[in-house]
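Beneath this line is the structure, given in structure tokens, with notes to follow.
In the numbering used here, the protein residues as written are -2 to 253.
Okay, structure coming up:
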């Protein structure tokens, strides 16, 4: 058994007994880790507090090979991220990111994913109300891209031709990317223009474009894409909490 000290983000916590919890971390040194935290519920009830979801700090783990659940010796949060609970959209965005990481990240270090998750949660917490959905999209798409599932935006997924910068096209969901006007679109394909394609490229890089239009359509695309390509047709549970927040949004997004 070895003690490992690592930067860690708490993604989820489950009660295990009257005094203990099972915690799921994404860590810089070990990737995705499940850990038993003994006595933390008793400590919280005595006013010493407990670590909340999405808090980030330094974890000390007693690690044994070939075990699904390690032992947490200490977790010292440097960032509580309580601000994510200010409204439903922030919390849903953080939960969406956690769902993607919990389902697809592995038990090996991935510094790019850790940095993207950490920075994205910070931006989501501190964004103005008008910027929250854009930061949510940037974090979600960045995780999709880093995990290797990102859509093709530079070449037609049907024939391989490069897509001209100003050309209209289609988003072919089953094929996983843009289809040029040179090829017949499949039934139900979304129209996607150069502005929307450029904005989607920015989102894949983890950047929320200024003046992002058609937020409802962008969220719908992320929802459909992750369900089809990453979740076997199942929808991420966090999306249902975003429906009221996007009810007033125009759905004209991907036409531009």
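Backbone N, C-alpha and C define an ideal beta-carbon position, used for all residues, glycine too.
- Item | C-alpha distance - residue 28 paired with residue 53, whole-angstrom precision | Locating residue 28 in the chain shown gives position 31, counting from the first residue. Locating residue 53 in the chain shown gives position 56, counting from the first residue. Near 14 angstroms, if we compare the C-alpha coordinates of residue 53 and residue 28.
- Given residue 71 as reference, the closest of 96, 9, 3, 83 once Cα atoms are compared: If you number the chain shown from 1, residue 71 lands on position 74. Taking only the C-alpha atoms, the option nearest residue 71 is 3.
- Query: By DSSP, does residue 175 sit in helix, in strand, or in coil?
  - Reply: Counting from one through the chain shown, the residue named residue 175 turns up at place 178. Looking at residue 175 - three-state DSSP - the assignment turns out to be strand.
- Message: By alpha-carbon positions, which one of 74, 63, 50, 64 ends up nearest to residue 57?
- Response: Here residue 57 is taken as the residue at index 60 of the chain shown, counted from 1. Checking every option, the nearest Cα to that of residue 57 belongs to 74.
- Message: Is it buried or exposed, residue 153, if we count other Cβ atoms within 10 angstroms and call 16 or more buried?
- Response: Translated into positions along the chain shown, residue 153 becomes position 156. Label assigned to residue 153: buried.
- State the Cα-Cα distance for the pair residue 234 and residue 163, rounded to the nearest angstrom. Residue 234 sits at position 237 when you count from the first residue of the chain shown. Residue 163 sits at position 166 when you count from the first residue of the chain shown. Taking the straight line from one Cα to the other gives about 36 angstroms.
- Message: At the level of alpha carbons, what is the spacing between residue 116 and residue 183?
- Response: Along the chain shown, read from residue 1 onward, the residue named residue 116 stands at position 119. Along the chain shown, read from residue 1 onward, the residue named residue 183 stands at position 186. Between the C-alpha atoms of residue 116 and residue 183 there is a straight-line separation of about 37 angstroms.
- Query: Whole beta strand (DSSP E) runs in the segment 64 to 120 with 3 or more residues, listed along the chain?
  - Reply: Within the segment 64 to 120, complete beta strand (DSSP E) segments of at least 3 residues are found at 66 to 76, given in chain order.
- Go ahead and pull the three-state DSSP assignment for residue 42. As a first step, residue 42 is located in the chain shown; it is residue number 45 there, counting from the start. Per-residue confidence for residue 42 stands at a pLDDT of 38, beneath the threshold of 50, marking its modelled position as unreliable; the derived number appears in the next sentence. DSSP places residue 42 within a helical segment (H, G or I) once states are collapsed to three.
- Item | Residues near residue -2 by beta carbon distance below 8 angstroms, same chain, minus five either side | By one-based count along the chain shown, residue -2 stands at place 1. Cβ contact annotation for residue -2 (same chain, cutoff 8 angstroms, sequence separation greater than five): 59, 60, 61, in chain order.
- Helix, strand or coil at residue 217 [DSSP, three-state]: Locating residue 217 in the chain shown gives position 220, where the first residue counts as 1. Residue 217 falls in the helix class under three-state DSSP.
- Message: Just to confirm my understanding: we take residue 198, look at its own chain, exclude 5 residues before and 5 after, and list those with CB closer than 6 angstroms. What are they?
- Response: Within the chain shown, numbered from 1, the residue matching residue 198 stands at position 201. The residues are 150.
- Could you have a look at residue 3 and say whether DSSP puts it in helix, strand or coil? Reading the chain shown from its first residue, position 6 is the one you call residue 3. The answer is strand: DSSP assigns residue 3 an E or B state.
- Query: Would DSSP call residue 188 helix, strand or coil?
  - Reply: Taking the first residue of the chain shown as 1, we reach residue 188 at position 191. Residue 188 carries a strand assignment under DSSP once its states are collapsed to helix, strand and coil.
- Item | DSSP three-state assignment for residue 223, whether helix, strand or coil | Taking the chain shown and counting its residues from 1, one reaches residue 223 at position 226. Here residue 223 carries a helix assignment [DSSP, helix/strand/coil].
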